[in-house]
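Listed in order, the protein sequences are those of chains A and B.
Each number in our numbering comes from the position in the first sequence (counting from 1) with 13 added on.
Each number in our numbering comes from the position in the second sequence (counting from 1) with 13 added on.
Where a beta carbon is used, it is the ideal one built from N, C-alpha and C, also for glycine.
Note that this is a predicted model, so its numbers are computed, not measured.
2 protein chains.
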Amino acid sequence: MPTTPSTTARSKRAGSQLTPDAIIEASLRIAARGSQDAFTVRRLGEELGADPTAIYRHFRDKDELLLSVADRTLGEVLDSIPEGLDWKDRIRALAAGSLEVALKYPVVGSAMASRTTRRPHEFRVVELILGAVMEAGLTGRDAAVHYRMVGDSLLAFVGQQAAYLLFTPDVRAADESSWSREYRLVDPEQFPNITRLSAELPEVTDEQIFHIRVEALISAIETRARTLRET
Amino acid sequence: MPTTPSTTARSKRAGSQLTPDAIIEASLRIAARGSQDAFTVRRLGEELGADPTAIYRHFRDKDELLLSVADRTLGEVLDSIPEGLDWKDRIRALAAGSLEVALKYPVVGSAMASRTTRRPHEFRVVELILGAVMEAGLTGRDAAVHYRMVGDSLLAFVGQQAAYLLFTPDVRAADESSWSREYRLVDPEQFPNITRLSAELPEVTDEQIFHIRVEALISAIETRARTLRET
DNA sequence: ACCTGAACACCGTTCAAGT
DNA sequence: ACCTGAACACCGTTCAAGT
């Protein structure tokens, strides 16, 4: 028995040689478990059936691995966007796909909120947004600035929602109940607006907020394009 | 000499008794050092001249301390907003003040991007934003949803910029140079839009992006108020 | 009543040793 | 050429012991 290695966890990985792709896929499996499984190099080693430090043979450090993992998830986002949409619906589809994927892999969505992967799938996302703002009628500096507005805003929005999923249940519960607890108990004299809207504030959903945020981005592009046409 | 305690680091804190306020102020001093000094309980003990674990006598855990520290920084934001502004300029002043304070205490700005302090200064910020959207003409559910759009968006925007300041210099340098490196080298056939805007994209500044993001929020409120007036 | 300090259960990463 | 595993320099938090 000790002489046949075929039944150990490690040898089950058929070939037992680590590859960048295998490490990225193991990372995605861990990331998909959300807050119940931290994305650490030690857990990654477990998932791969290898020593935790083995990944350093294939990635300079954890940050470089994260960028590769993130670029892979951008592939999922791109795959979710149908062909033949006009510029507004392309931005809407990108937003919806980004949110879905960020909530599927919260640790990735959260960590990338102020980053760039600098990798192929990100190039395609940039190309897509630039195509949309140019189809809307923007050029040169206007196109560049409005691309950044859309790209950075989408990253910030989905990153914000993704980060929330990583908090422990008790922290999330305390934050969520604040509208019906702390904000219900404020002094009506000092905070008349909060008091007046105390019934409506807890009712607002993340989906509503995300929707009007995305529409605000589209409106901003439209308004700028109209201003340019009129002058 | 050993009998007089007046020259030790600890006794310099006049009374040598820790208070929540002293801990919050020490936290702000560390946070203001940005990426060159991590905000850890051990460093906090150093800053206070006390044992690292002494803070657990005054705060349940590091998260509760963070919420108190964050609420204190919201006080700085509120102090920066002049009286007598109309609703648009109040939102602009809140945005500018939030960004300034978040960049002054990056670890706080970053950590609060998807949180609520549930504390007095935050109540005042919420009251301010609600007052602005109601002055613009929104009521009930519309006011609640647009308040959340403004509040959550400002947190996301300033948190995104603050988080960036916490990365190591080499990570920041690699991200910043991507427009003039990786994005300059893309295939012009496959990425015509990126190629066409390769000169403009690196020129866009964080200030420009922040400005149009805030104006987009104001426009969204204005547009909704006009729609309601017209029906 | 409050503070100390050892201890616990974690992190990412390096490097000499193995195969 | 690649993987292992001990080791290092960190984390936040608990708890028995001190004063």
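Measure the C-alpha to C-alpha separation of ALA67/A and PHE52/A and round it to an integer number of angstroms. Along the first sequence, one-based indexing puts residue 67/A at 54. Along the first sequence, one-based indexing puts residue 52/A at 39. The C-alpha of ALA67/A lies about 16 Å from the C-alpha of PHE52/A.
Using a C-beta cutoff of 8 Å, does PHE72/A count as contacting chain B? For the purposes of this step, residue 72/A is taken as residue 59 along the first sequence, with counting starting at 1. So, not an interface residue.
4-residue-minimum alpha helix (DSSP H) runs that sit fully inside the region 108-185 of chain B, ordered along the chain: 119-124, 133-148, 153-177
Residues of chain B with CB closer than 7 Å to the CB of LEU143/A, please, in chain order. Translated into positions along the first sequence, residue 143/A becomes position 130. The contacting residues are ASN206, ILE207, LEU210.
Tell me the rounded alpha-carbon separation between ASP102/A and LEU91/B. Position 89 of the first sequence, counted from the start, is the residue given in the question as residue 102/A. Position 78 of the second sequence, counted from the start, is the residue given in the question as residue 91/B. Taking the straight line from one Cα to the other gives about 39 Å.
Go through its chain and collect everything with a Cβ distance to ARG242/A's Cβ below 7 Å, but skip five positions before and after it. Within the first sequence, residue 242/A is the residue found at index 229, counting from 1. Contacts found: GLY150.
From HIS224/A to GLY172/B, what does the alpha carbon distance come to, in whole angstroms? What you label residue 224/A is simply residue 211 of the first sequence in a count that begins at 1. What you label residue 172/B is simply residue 159 of the second sequence in a count that begins at 1. About 20 Å.
Can you tell me whether ALA49/B is buried or exposed, with buried defined as 16 or more other CB within 10 angstroms of its CB? Counting from 1 along the second sequence, the entry for residue 49/B is found at position 36. Before going on, a small fix: residue 49/B reads as Gln here, not Ala. Note on GLN49/B: under 16 other CB atoms within 10 angstroms of its CB, so exposed under the neighbour-count rule.
On the criterion of 16 or more Cβ atoms from any shown chain inside 10 Å, does GLU135/A qualify as buried, or is it exposed? Along the first sequence, one-based indexing puts residue 135/A at 122. Burial call: buried.
Check whether the Cβ of ALA83/A lies closer than 8 Å to any Cβ atom in chain B. As a working mapping, residue 83/A is identified with position 70 in the first sequence. Cβ-Cβ to chain B under 8 Å: no for ALA83/A.
Would GLU59/B count as contacting chain A if we go by Cβ distances under 8 Å? Residue 59/B sits at position 46 when you count from the first residue of the second sequence. Not one chain A Cβ lies under 8 Å of GLU59/B.
Is THR245/B helix, strand or coil when you go by DSSP? Look at the range of chain B in this structure, 14 to 244, and you will see that residue 245/B is not part of it.
THR181/A versus ARG128/B, ALA108/B, ARG55/B, residue with shortest Cα-Cα distance: As a first step, residue 181/A is located in the first sequence; it is residue number 168 there, counting from the start. Of the listed residues, the one whose Cα sits closest to THR181/A is ARG128/B.
Cross-chain neighbours of SER111/A in chain B, by beta carbon under 7 Å: Along the first sequence, one-based indexing puts residue 111/A at 98. Within chain B, no residue comes near SER111/A; the closest Cβ sits about 14 Å away, beyond 7 Å.
Among ASP219/A, GLU77/A, TYR177/A, MET162/A, whose alpha-carbon lies nearest the alpha-carbon of ASP188/B? As a working mapping, residue 188/B is identified with position 175 in the second sequence. Comparing Cα positions, the closest option is GLU77/A.
Simplified DSSP assignment, three categories, for ARG46/A: In the first sequence, the residue the question calls residue 46/A occupies position 33. In this structure, ARG46/A counts as coil in the three-state DSSP scheme.
Going by C-alpha distance, which of PHE170/B, ARG197/B, GLY62/B is nearest MET9/B? Because residue 9/B is not part of the residues shown, which for chain B are 14 to 244, the question remains open.
Taking Cβ positions, are MET162/A and LEU107/A nearer each other than 8 Å? The residue you call residue 162/A lines up with position 149 of the first sequence. The residue you call residue 107/A lines up with position 94 of the first sequence. The answer is no: Cβ separation not under 8 Å.
Within the 8 Å Cβ cut-off, does ILE225/A reach chain B? Locating residue 225/A in the first sequence gives position 212, counting from the first residue. Closer than 8 Å to some Cβ of chain B, the Cβ of ILE225/A qualifies, so yes.
With a Cβ-Cβ cutoff of 8 Å, do THR86/B and VAL114/B count as a contact? On the second sequence, residue 86/B is found 73 positions in, with the first residue counted as 1. On the second sequence, residue 114/B is found 101 positions in, with the first residue counted as 1. Yes, the Cβ-Cβ distance between THR86/B and VAL114/B is below 8 Å.
Which term fits TYR196/A, buried or exposed, when burial requires 16 or more other beta carbons within 10 angstroms of its beta carbon? Taking the first sequence and counting its residues from 1, the one referred to as residue 196/A is at position 183. Under this definition TYR196/A is a buried residue.
Compute the distance between the beta-carbons of ILE207/B and VAL139/A, then report whether it is under 8 Å. Walking along the second sequence from the start, residue 207/B turns up at place 194. Walking along the first sequence from the start, residue 139/A turns up at place 126. Yes, Cβ-Cβ distance for ILE207/B and VAL139/A is below 8 Å.
Tell me, please, whether the CB atom of THR86/B is closer than 8 Å to any CB atom in chain A? Taking the second sequence and counting its residues from 1, one reaches residue 86/B at position 73. It does not; no Cβ of chain A falls within 8 Å.
Backbone secondary structure at GLY28/A - three-state DSSP: Here residue 28/A is taken as the residue at index 15 of the first sequence, counted from 1. For GLY28/A, the predicted structure reports a pLDDT of 39, less than 50, and the residue's modelled location is therefore unreliable. A value from the coordinates is still provided. Residue state, collapsed to three classes: coil.
Within 7 Å of chain A by C-beta, residues of the region 175-192 of chain B in sequence order: For the region 175-192 of chain B, which is checked against every Cβ of chain A, the residues closer than 7 Å are ALA176, TYR177, VAL184, ASP188, SER191.
Nearest to GLU228/A by CA position, among LEU179/A, ARG105/A, TYR160/A, is which residue? For the purposes of this step, residue 228/A is taken as residue 215 along the first sequence, with counting starting at 1. GLU228/A has its Cα closest to that of ARG105/A, out of LEU179/A, ARG105/A, TYR160/A.
Taking only beta-carbon atoms, is ASP64/A less than 8 Å away from chain B? Indexing the first sequence from 1 puts residue 64/A at position 51. No, its Cβ sits nowhere closer than 8 Å to a Cβ of chain B.
VAL54/A, enclosing alpha helix (DSSP H) - first and last residue: Start at 1 with the first residue of the first sequence, and residue 54/A comes out as number 41. Per DSSP, VAL54/A belongs to the alpha helix (DSSP H) from 54-61.
Check the Cβ-Cβ distances between ASP76/B and every residue of chain A, and say whether any is below 8 Å. To locate residue 76/B, count along the second sequence from 1; it is residue 63. Yes, ASP76/B counts as interfacial toward chain A.
Tell me the DSSP secondary structure of LEU41/A in three-state form. Along the first sequence, read from residue 1 onward, the residue named residue 41/A stands at position 28. Helix, per DSSP.
Strictly below 9 Å CB to CB, what residues from chain B border GLN30/A? What you label residue 30/A is simply residue 17 of the first sequence in a count that begins at 1. What GLN30/A touches in chain B: nothing, since even the nearest Cβ is about 29 Å away.
Does the beta carbon of GLU96/B fall short of 7 Å from some heavy atom of the ligand FMN? Annotation note on the ligand FMN: not contained in the displayed structure, which lists no ligands.
Straight-line Cα distance separating PHE204/B from ALA27/A: Start at 1 with the first residue of the first sequence, and residue 27/A comes out as number 14. Start at 1 with the first residue of the second sequence, and residue 204/B comes out as number 191. Reliability of the predicted coordinates at ALA27/A is poor, the pLDDT of 32 falling under 50, and the value obtained from them is presented with this limitation in mind. Rounded to the nearest angstrom, the two C-alpha atoms are 38 Å apart.
Beta-carbon gap between VAL217/A and LEU179/A smaller than 8 Å: Here residue 217/A is taken as the residue at index 204 of the first sequence, counted from 1. Here residue 179/A is taken as the residue at index 166 of the first sequence, counted from 1. Result no, Cβ atoms of VAL217/A and LEU179/A do not sit closer than 8 Å.
Kindly list the residues whose CB is nearer than 8 Å to the CB of ILE94/B, restricted to its own chain and excluding five residues on each side of it in sequence; keep chain order. Taking the first residue of the second sequence as position 1, residue 94/B is located at position 81. Cβ within range, chain order: ARG103, ALA106, LEU107, GLY110, LEU141.
Whole-angstrom distance between HIS71/A and PRO33/A, CA atom to CA atom: To locate residue 33/A, count along the first sequence from 1; it is residue 20. To locate residue 71/A, count along the first sequence from 1; it is residue 58. Cα to Cα, the separation comes out at about 6 Å.
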